[in-house]
Every structure is written in C-alpha cells, then in structure tokens.
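Input: a single structure, listed below in structure tokens.
Residue numbers (this note's numbering): 33 to 219.
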C-alpha cells in the first residue's frame, strides 16, 4: 500500500471524437472532470490506448451522483467486484464492457487509497495490471471528500450539446412538417 499522501484535484477536460452519422460527420465534445493527482492528470499518467474519460462527465449528468458515491465507497460499483471502482471509462458511452481502468478502493477513517490498477472489460476473464500507476495513491480523507463534494455543481456547469451526443433524431414522414392534402383523399 502506498505510504506517501497524494493530493487529488479535479480539472475540466474535453474529449473530442469524430463520428460518421450517415452522410454527416459530427465532432461531439465530451466535457468531464479529470482526476489530477499531485499535479498530473491520471489519463496522461496511464496513457490508455483508447479514448477514456472519468464518469464525472456532463453528458452523463443523471448518473454522476452514483459515480460520486462509488468514489466515496458509499455504494458498490455495478459490474465490478467488491471494493473496485471504475476510474476511467469509455469516452463514447461510459460502459464498462467497452473497457475501463479500475482500482481497488480502500476507505479508512483518515485516508482513502486507490491501489491495484487494472484494465477490465466484459470479455476477458483475466485482467491486466497497469504498471504505470505504480503501487497506487493514498489521499487524506477530509480533502478527498471536500474535492468530491464540489464536483456535481462543477459538472452541471460544463458545456453540453445534446444533439452532438445523441446524433440526428429520426423523424417519421408525418413529422417532417408537411401535411397530406385532406381534401384530395378518396372517400
């Protein structure tokens, strides 16, 4: 278990992806709060080979309170073994089966630790440990809780374009705005 106490901060970040939606190319931007540990972004430190973000994402605002409770150890993370939390998830959908970087969460009276980092998805029975994370991180619990307590309001204030995230909405012909000439219908 790590001995040195680390500092945790949350920094606004954005992931821009390219999606081809029929004949339209979209560039949705996903705004989220990144974990910054001792001044270094967790994403930059681990250098994942796929686009990952935290679950503290503006596009997933209704699920953010659950993600914050998981980070505090107040509720188990669904889809993971006991005491494990997802730190970085798929940037497109947030689904664990697309792949996620998880850690073992230990909450004590005065500290919180993230250890045993590994890559998990819904297909591999064996999970690969992530050496770049080192032995893990230990945070002072009071400052950890204070950092997470302000997260929801910060996330709610981030930019969000629903059309960019949901794509074009399919409309039935009668929703296009035209009307049938009712007077010409056969009787």
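Here a beta-carbon is modelled for each residue, glycine too, at the ideal position from N, C-alpha and C.
- Within the region 56–98, the runs of alpha helix (DSSP H) that reach at least 4 residues and sit entirely inside it are, in chain order, 74–78.
- A direct Cα-Cα distance of roughly 32 Å separates residue 103 from residue 58.
- Shortest Cα-Cα distance from residue 156 to any of 107, 112, 106, 125 involves 112.
- Cβ neighbours of residue 43 within its own chain (closer than 6 Å, five residues either side excluded): 66, 68.
- For residue 152, the enclosing beta strand (DSSP E) stretches over residues 143–152.
- Note on residue 129: under 16 other CB atoms within 10 angstroms of its CB, so exposed under the neighbour-count rule.
- Distance between residue 91 and residue 45, taken at the CA atoms: about 13 Å.
- Nearest to residue 170 by C-alpha distance, out of 186, 61, 141, 76, is 141.
- With contact defined as three or more Cβ pairs closer than 8 Å, the region 157–167 and the region 178–187 are not in contact.
- Relative to residue 98, the option among 181, 193, 192, 191 whose CA is nearest is 181.
- Taken atom to atom, the span from the alpha-carbon of residue 71 to that of residue 36 is near 15 Å.
- Cβ neighbours of residue 95 within its own chain (closer than 8 Å, five residues either side excluded): 87, 126.
- Inter-residue distance for residue 178 and residue 145 is about 15 Å (C-alpha atoms, whole angstroms).
- Counting C-beta atoms within 10 angstroms of its own C-beta, residue 49 has fewer than 16 neighbours from the protein chains shown and is therefore classed as exposed.
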